[in-house]
């Protein structure tokens, strides 16, 4: 049996909904902000769509609109990942101290 | 689409799942983010090697990417950590705007090709245009609210619900029209209606609730990108957008629960006149104000002190001085902890980021549920630049906009010291009864300035 095309799309959508909820279900409130920011960066993938529609049209107005979309989408994607990383750096900085502590206790 | 490209997109989709998974744990978060970034970069390189696509205008496209990248990196690198929530809102908004533009372009090419497309495809196009525009305009308003470009208090005017309902209905009717007869003007009007809906949706939301709205608009943009993926027959956009839409919706509900509010109440509460209590003006009722020296004595001779940091601390950049003060107090044998409200700052988890920046040891940061029982055995609760998160109105006044929000029980401490700049109410715009209580002392002044004076006074004892 071969699934019809629209059912395939629906299947991917429904499964992605469950995966999306499942993967973040145990997040602590400390990480809400970076998680939101990281998810925000991921939807910047609309850049891929913007590149494809812009590159496959020859209508001048459409190209201009497409280029605007590309600029906006790359701000979203690149800025999103960079700012998330900046936030997370601050959480990581104190980990070496903690790790050293637990190493000491192990050694003891 | 060549098989290798489909497989690359599949791999990128898996990486996005791993990225979200990584981001939800403190140890894996940074790697998770890097995996997501790597996958996104790979996915965006693919079209340039996708020969059957015959990509035109490559130099222009690359130039546009460079411009956007420079803008994004500049914004992300230079933003103050205190202003990060509005930065996230801005990034989210432009993403939504990009999705709406992409859908308009796709509509244009469908019309050029004769206007024949499946009804579901056209419905998804209409959805992308409207919701993408909602996200764009809504995010810009949240940005303006957080950046103090406009009032952070709920903005309500008499015709707002009617106008909102009309715009919503109009969008639905036009979407149906578009499905039956795709025309460019319908798409453009849909986009304009989306912008109007976005503005009207966010205007009535009070400042303290804006973070939840950012999270919700983030989920909206995710769903927009998913619908855009369907329209463009691009499975990666569908997967990534759906992941963000689903996790974003769930995260919104989690945040709303942390504040003890329902999302419906946050969005439409002000329309019912629920937040008329907030006057936004300073009160002239008598309060007990103290000098840094008095406050220093109270702190230095306590056995147990709990610090309640708020956004005002971060704005004044006083977190380093605060950490020094805590070090001095600890050295005197006083037990000191920081009580972190889940929505302290401007976003859930924001205060943790800000204090981590000041190198406060992680062990001293205690979450609300963990520390709330300790306040009754605490000699002094030192509230620095916080207000709404210790406002007992959340427990006692059903008409208050923050009613039902879990708060830190600072009012149970034997003494409370508020470090405040003025008597102006907090972000939620309501007065705090705790300020007028017998046990409460106020130390007026800029948080950084008062904090240094307090530190010197404690050192001198």
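Residue numbers (this note's numbering), protein chains in the order written: chain F, 82 to 189; chain X, 1034 to 1494.
Even glycine gets a Cβ: it sits at the ideal position worked out from N, Cα and C.
- Under the DSSP assignment, residue 1453 of chain X falls in the beta strand (DSSP E) whose first and last residues are 1448 to 1453.
- Sorting X:1111, X:1275, X:1424 and X:1257 by C-alpha distance to the C-alpha of residue 1169 of chain X places X:1257 at the top.
- The C-alpha of residue 92 of chain F lies about 45 Å from the C-alpha of residue 1431 of chain X.
- With respect to the 7 Å criterion, residue 1419 of chain X and residue 1343 of chain X are classified as neighbours on the basis of their beta carbons.
- For residue 1476 of chain X, the uninterrupted beta strand (DSSP E) segment begins and ends at 1473 to 1477.
- Residue environment analysis places residue 100 of chain F among the buried positions, since at least 16 neighbouring C-beta atoms fall within 10 angstroms of its C-beta.
- Per DSSP, the continuous alpha helix (DSSP H) segment holding residue 1326 of chain X begins and ends at 1325 to 1333.
- Here residue 1395 of chain X carries a helix assignment [DSSP, helix/strand/coil].
- Between residue 1476 of chain X and residue 1323 of chain X, the beta carbon gap of about 6 Å places them in contact (Cβ cut-off 8 Å).
- Under the 7 Å criterion on CB atoms, residue 110 of chain F is classed as interfacial with respect to chain X.
- When the beta-carbon positions are compared, residue 133 of chain F and residue 1035 of chain X stay at least 7 Å from each other.
- The residue from X:1050, X:1292 and X:1259 with its alpha-carbon nearest to that of residue 1158 of chain X is X:1259.
- Taking the Cα positions, residue 1297 of chain X is about 42 Å away from residue 1147 of chain X.
- One alpha carbon belongs to residue 1422 of chain X, the other to residue 1233 of chain X, and they sit about 27 Å apart.
- In summary, the residues of the stretch 128 to 151 of chain F whose CB is separated from some CB of chain X by less than 9 Å are 128, 129, 130, 131, 132, 133, 134, 135, 136, 137, 138, 139, 140, 142, 143, 144, 146, 147, 148, 149, 150 and 151, in the order they occur in the chain.
- Under the three-state reduction of DSSP output, residue 118 of chain F falls in the helix class.
- With contacts defined as CB atoms closer than 7 Å, residue 1427 of chain X and residue 1449 of chain X fail to qualify as a contacting pair.
- One thing to note: residue 1370 of chain X has its Cβ no nearer than 7 Å to the Cβ of residue 1352 of chain X.
- Taken through DSSP and simplified to helix, strand or coil, residue 144 of chain F comes out as helix.
- Per DSSP, the continuous alpha helix (DSSP H) segment holding residue 103 of chain F begins and ends at 86 to 105.
- In the DSSP annotation of this structure, residue 1121 of chain X is not part of any beta strand (DSSP E); the continuous alpha helix (DSSP H) holding it starts and ends at 1117 to 1145.
- For residue 1252 of chain X, the enclosing alpha helix (DSSP H) has its first and last residue at 1243 to 1264.
- Under DSSP, the beta-bridge partners assigned to residue 1415 of chain X are X:1340 and X:1450.
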